[in-house]
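Visitor:
Chains as they are written, first to last, in the numbering used here: chain A, 43 to 406; chain B, 43 to 406.
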């Protein structure tokens, strides 16, 4: 595909722990409901999945946060659950409840019957959206592709939605480990195809969201979540057009397992706000870049508090490369957009002091 | 008060890391909805708080799990939210939603107006229930008294119930730290009075449930949750009738902060299932006993899986004293009672091998 040259490569450099002139920043769920301009397009589209399925609209909302804020990456507007949806589980978004699947996985037979959707067919619309995003971005910033981790996808497919206890999904792991492994393997290979397709279509960095890995005990986390994220990492194209395509793994609540996560061969680890950046850097900073980790609730605080916390976060990571500033989880829908502006401004004011001003960063 | 001599002191010995003949066991929420005999008394009582407020019924359900299973402790049947209820916040238990407070804390003025309920007056009914439990127990096993940690109580008082994000409670910490400190101090001192009253009334061990400490960043956890648990620990009577009254702190999701928790001077730390017992023992086992940590969802597994996991848990802690077997969170309401039996039998079969059979444990 023809795309303009990348004018801002801070994210890609930071994820390879290469020098940058300032700490790159993007936000999980940066394109979304907290932005009035998003809500307008969302209403036009009629439904959330309708918006995901219409490449020009998906591209429009993907770029909205970059129009408003000085961000260093765009993340494809899509959902972590596109794969189970394409497997025919009947995804709906119920107001106040979040995602709900009409058809749940109940037996080993259900697992073996699951089709393996392809990026060329059932998931073609996502590839089209990636292409449309790249076209609109014109090289302003790299585009991040993503999906949910196999375990996280499996929890929604088994529970039918989110859960307080994950009792049904855990029961599968505990009582039918072989069937569980078949499900995770099928999901991992589908995810690998899907993310490879996104790279083919133009994604320049990738992220796996393991939102529910932290509800597992360490043994099952390694066996059923992390092992399959590693299987995906091993299958992904890691270079495209002469550039590294970095992969970041984010397990919410996974702060105790950073060494294991780093050992998968990923480029970056996403951190929630329960693990200090200095501690994480001491433990795995020689192997991976670190992304995070401001509490999204901090964006409800007063401007001076937000500014102070951004500075604390920078000081906690310390000098030198390998840090991608982000929240510790997705932006919340009620976040005041001006608080995001305060956060980004504070970062741009304070972060250059932690870097070498002469770093050869391509930036607009 | 006149009570029989304690015939089973395994729990009290284990919490002081003294030798025992086998690993003591009890379960968080062991008296509760998963037991048909509980549901019967609950229906008689009319309401959950009605049951808590009627000492003879509270004592009856407190003892029910000990009639059914070979347990090493009773835990008072009550709620973690008795203190905010006694502060006049209007507690109701809404089916499917859990606890809901009619009157939420919204401003610093609301905090300063909060009364400080006393164990001799507003909370007298809890002391009466403790006395009734001791009378019924007749020294069979020690009675554990408990309540919620100041931060955990505060989240319910501010959010009005449970929450996905704790945005309102965190906003208080972020934006009005002084008012937040006043609230935590008032709650801590009320908790200290309340737990001291429970010891006076007959509680032989104490536990603080910091159910929502794990949603905080490390700095706020230490400043707003742990510091106030320490303030409580420092105010509690630690001996009664010539015996140590051990205090256990449980922060769900607090596995990253065990060193800080151990430094409060508590006797035991409760662990959820995300932290391996061997790792926890290596980190803090020379300072505190460890309680835990089977995933409550494991009780939905097949009997042989439950037995294997109990053995794994024992092997993980290893030989010698200082382990109290428990779940990593409360028993879930849909737990099959026979699975609890399987777990306890497996523990009693396998745990003696990890201890000195000649340990001078008083046991019935």
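Beta carbons: idealized from backbone N, C-alpha and C, even for Gly.
(1) Looking only at its own chain, which residues have a Cβ that is under 7 Å from the Cβ of residue 62 of chain B, when we skip the five neighbours before and after it?
(2) Can you tell me which of the three DSSP states residue 117 of chain A falls into?
(3) Helix, strand or coil: how does DSSP classify residue 122 of chain B here?
(4) What is the rounded straight-line gap between the Cα of residue 167 of chain A and the Cα of residue 130 of chain A?
(5) Give the list of continuous beta strand (DSSP E) stretches no shorter than 3 residues that lie fully inside the region 95-170 of chain A.
(6) Could you tell me which residues DSSP pairs with residue 247 of chain A in its beta bridges?
(7) Under 8 Å, Cβ to Cβ, is there at least one residue of chain A near residue 142 of chain B?
(8) Going along the chain, which residues of its own chain have a beta-carbon closer than 6 Å to the beta-carbon of residue 79 of chain A, five neighbours each way excluded?
(9) I'd like to know whether the C-beta of residue 213 of chain A is nearer than 8 Å to at least one C-beta of chain B.
(10) Over the uninterrupted alpha helix (DSSP H) stretch that includes residue 399 of chain A, give me the two end residues.
(11) Are residue 185 of chain A and residue 244 of chain A touching if we call contact CB-CB under 8 Å?
(12) Which word fits residue 365 of chain B, buried or exposed, when buried means at least 16 other C-beta atoms lie within 10 angstroms of its C-beta?
(13) Straight-line CA distance for residue 384 of chain A to residue 115 of chain A?
(14) Can you look up residue 197 of chain B in the DSSP assignment and give me helix, strand or coil?
(15) Have a look at B:205, B:111 and B:236 and flag the residue whose alpha-carbon is nearest the alpha-carbon of residue 387 of chain B.
(16) If you measure from the beta carbon of residue 259 of chain A to each beta carbon in chain B, is any gap under 8 Å?
(17) Is residue 216 of chain A close to chain B? Criterion is C-beta to C-beta, closer than 8 Å.
(18) For chain B, find out if any of its Cβ atoms is closer than 8 Å to the Cβ of residue 43 of chain A; answer yes or no.
(19) Answer yes if the region 374-382 of chain A comes into contact with the region 139-150 of chain B, meaning at least three C-beta pairs across the two stretches below 8 Å, and no otherwise.
(20) How about residue 215 of chain A and residue 155 of chain A: are their beta carbons less than 8 Å apart?
(21) What does DSSP give as the partner residue(s) for residue 358 of chain B in the beta ladder?
(22) Taking its Cβ as the centre, do 16 or more other Cβ atoms sit within 10 Å of residue 135 of chain B, making it buried, or is it exposed?
(23) So, helix, strand or coil for residue 305 of chain B, using DSSP?
(24) Answer with yes or no whether the minimum CB distance from residue 315 of chain A to chain B is below 8 Å.
(25) By a C-beta neighbour count over all protein chains shown, 10 Å radius and 16 as the cutoff for buried, is residue 139 of chain A buried or exposed?
(26) If I'm right that residue 315 of chain A touches residue 259 of chain B with Cβ under 8 Å, what's the distance once you round it to whole angstroms?
(27) In whole angstroms, give me the CA-to-CA distance for residue 303 of chain B and residue 84 of chain A.
(28) Checking the sheet assignment: what are the DSSP bridge partners for residue 365 of chain A?
(29) So that I know if they touch, is there some Cβ in chain B lying closer than 8 Å to that of residue 76 of chain A?
(30) Are the region 231-241 of chain A and the region 251-258 of chain A touching by the rule of at least three beta carbon pairs closer than 8 Å?
(31) State the Cα-Cα distance for the pair residue 399 of chain B and residue 128 of chain B, rounded to the nearest angstrom.
(32) State the DSSP-derived secondary structure class of residue 255 of chain A, mapped to helix, strand or coil.
(33) Rounded to a whole number of angstroms, what is the C-alpha to C-alpha distance between residue 132 of chain B and residue 152 of chain B?
(34) Decide if residue 174 of chain A is buried, meaning its Cβ has at least 16 other Cβ atoms within 10 Å, or exposed.
(35) Among all the DSSP beta bridges, which residues are the ones paired with residue 317 of chain A?
(36) Alpha carbons only, please: which of B:305, B:318, B:285 and B:278 is nearest the one belonging to residue 297 of chain B?
Guide: Taking the structure as given:
(1) Close CB contacts of residue 62 of chain B within its chain, under the 7 Å cut and outside five residues either way in sequence, are with 52, 55, 56, 363, 397, 401 and 403 (chain order).
(2) The answer is strand: DSSP assigns residue 117 of chain A an E or B state.
(3) Of the three classes helix, strand and coil, the one that applies to residue 122 of chain B here is coil, per DSSP.
(4) Each residue's Cα considered, the two are about 15 Å apart.
(5) Runs of the beta strand (DSSP E) lying entirely within the region 95-170 of chain A and spanning at least 3 residues, in chain order: 133-136 and 140-143.
(6) Answer is A:186, bridged to residue 247 of chain A.
(7) Answer no: the Cβ-Cβ gap between residue 142 of chain B and chain A never drops below 8 Å.
(8) Contacts found: 106.
(9) For residue 213 of chain A, the closest Cβ of chain B is nearer than 8 Å.
(10) Element bounds for residue 399 of chain A: n/a, residue is neither H nor E.
(11) Against a cut-off of 8 Å, the Cβ pair of residue 244 of chain A and residue 185 of chain A comes out as a contact.
(12) Classification of residue 365 of chain B: buried, given that the 10 Å Cβ count is 16 or more.
(13) Taking the straight line joining both Cα atoms gives about 18 Å.
(14) Secondary structure of residue 197 of chain B (DSSP, three-state): helix.
(15) Restricting attention to B:205, B:111 and B:236, the CA atom closest to the CA of residue 387 of chain B is found in B:111.
(16) Yes, contact with chain B.
(17) Closer than 8 Å to the CB of residue 216 of chain A there is at least one CB belonging to chain B.
(18) Legend: pLDDT at residue 43 of chain A = 44, less than 50; position of this residue unreliable, value from coordinates given subsequently. Chain B has no Cβ within less than 8 Å of the Cβ of residue 43 of chain A.
(19) The region 139-150 of chain B vs the region 374-382 of chain A: no contact.
(20) Result no, Cβ atoms of residue 215 of chain A and residue 155 of chain A do not sit closer than 8 Å.
(21) DSSP output for residue 358 of chain B lists no bridge partner at all.
(22) That one is exposed.
(23) Coil, per DSSP.
(24) Residue 315 of chain A belongs to the set of residues whose beta carbon lies under 8 Å from a beta carbon in chain B.
(25) Classification for residue 139 of chain A: exposed.
(26) Taking 8 Å as the upper bound for CB-CB distance, residue 315 of chain A and residue 259 of chain B are in contact here, some 4 Å apart.
(27) If you take the alpha carbons of residue 303 of chain B and residue 84 of chain A, they lie about 46 Å apart.
(28) Answer is A:332.
(29) Closer than 8 Å: no.
(30) They do not touch, by the three-pair rule.
(31) Linking residue 399 of chain B to residue 128 of chain B through their CA atoms gives a straight-line distance of about 46 Å.
(32) Helix, per DSSP.
(33) Going by the C-alpha atoms only, they are around 14 Å apart.
(34) So residue 174 of chain A ends up on the buried side.
(35) Within the DSSP bridge table, the entry for residue 317 of chain A names no partner.
(36) Nearest of B:305, B:318, B:285 and B:278 to residue 297 of chain B, Cα basis: B:318.
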